[in-house]
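For the sequence shown, counting from 1, position 83 maps to 83 in the working numbering; every step adds exactly one.
A short write-up of the structure that comes next.
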Amino acid sequence: LPRDRSTINAWCRSFYALNPFVQNAINLHSTYPISKLNIKCPNKEVEKFFNDMIQETDLMNICVQIAQEYWLLGESFPYAEYDKTKGKWSRFLIQNPDYMLVKRTVVADEPVIMLRPDENLKKIVFSNKSVDVEQRKQLNQHIIDSVRRGDNIQLDNFHVSHLARKISPYEIRGTGLPVCIFRQLVLFDKLKECYSEDTEVL
1 LPRDRSTINA
11 WCRSFYALNP
21 FVQNAINLHS
31 TYPISKLNIK
41 CPNKEVEKFF
51 NDMIQETDLM
61 NICVQIAQEY
71 WLLGESFPYA
81 EYDKTKGKWS
91 RFLIQNPDYM
101 LVKRTVVADE
111 PVIMLRPDEN
121 LKKIVFSNKS
131 VDVEQRKQLN
141 QHIIDSVRRG
151 DNIQLDNFHV
161 SHLARKISPY
171 EIRGTGLPVC
181 IFRQLVLFDK
191 LKECYSEDTE
201 VL
């Protein structure tokens, strides 16, 4: 059975894609609790402001995607972009847990969340191609400087959150729902591999 996080996540994604029972269980957990999202406020201007923001950011679908990551991989890292000119959240992104690092101390109130740059991000930062240069202009200077130094990118807790399904309260990272049945799923796959048209099961 896998022990490192990236392999465990790969197994979870694979079983979700190939096993209908796993997929249905995750989908039910992700979609059933989120059926509708409404904001009510005595001030109708405030109500309209937040309802418009929900529509603009497609928050309903984002919530479902966050819930799917939470149940499938055991954790989700939603990252929100804030538009200071409009005073509202402009976009929500879900970061890949395989590239996220979380450090927590006994006394700290909030964890230190860092992003490990992938090869695509490194290519954008170091490349001189016109396409990569244009993409680099859209990146925060803090991200560019961190990648050039070879460091992980520390994310501001104002923008990023870590939602973890912890087996115990003192754990730092979460555990996906399919992990508890890895042995049964592997056995089920082995049984299917052993089966052929010439084999009769009595």
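Cβ atoms here follow ideal geometry from the backbone N, Cα and C, with glycine treated the same way.
On a CA-only basis, which of the options is nearest residue i? Give me that one, please.
i    : options               : result
N51  : E75, P33, W89         : W89
N120 : I144, Q154, N157, G74 : I144
L73  : Q141, L191, N9        : N9
G87  : I113, D58, R104, F49  : F49
N96  : D83, P78, R104        : P78
Q184 : V22, I62, R3, R13     : V22
Assuming residue i contacts residue j (C-beta within less than 8 Å), just tell me the rounded distance between them.
i    : j    : result
K36  : E47  : That belief does not hold up - the Cβ atoms of K36 and E47 are roughly 15 Å apart, past 8 Å.
R148 : V125 : 6 Å
R116 : L101 : 6 Å
E75  : R91  : Not a contact, Cβ separation roughly 21 Å.
F182 : L28  : Between L28 and F182 the Cβ distance is about 20 Å, and since that is not below 8 Å, they are no contact.
Enumerate in chain order the residues of its own chain whose CB-to-CB distance from residue i is below 8 Å, with the five nearest sequence positions on each side excluded.
i   : result
I54 : L37, I39, M60
P33 : A67
D98 : R5, S6, N9
Y16 : V22, Q23, I26, L72, P178
What's the call for residue i, buried or exposed, on a 16-neighbour Cβ count within 10 Å?
i    : result
E69  : buried
F158 : exposed
S130 : exposed
H162 : buried
P178 : buried
L155 : buried
For residue i, which residues in the same chain have their Cβ closer than 7 Å to its Cβ, ignoring the five residues on either side in sequence?
i    : result
I167 : T175
S30  : V64, A67, Q68, W71
Q135 : I124
Which residues in the same chain as residue i place their Cβ atom closer than 6 Å to its Cβ, once the five residues preceding and following it in sequence are excluded?
i   : result
E45 : none
Could you name each continuous beta strand (DSSP E) segment of 3 residues or more that falls completely within the segment 39-102, going from the start of the chain to the end?
75-83, 88-95
In chain order, which continuous runs of the alpha helix (DSSP H) of length 4 or greater are located wholly inside the segment 138-189?
141-149
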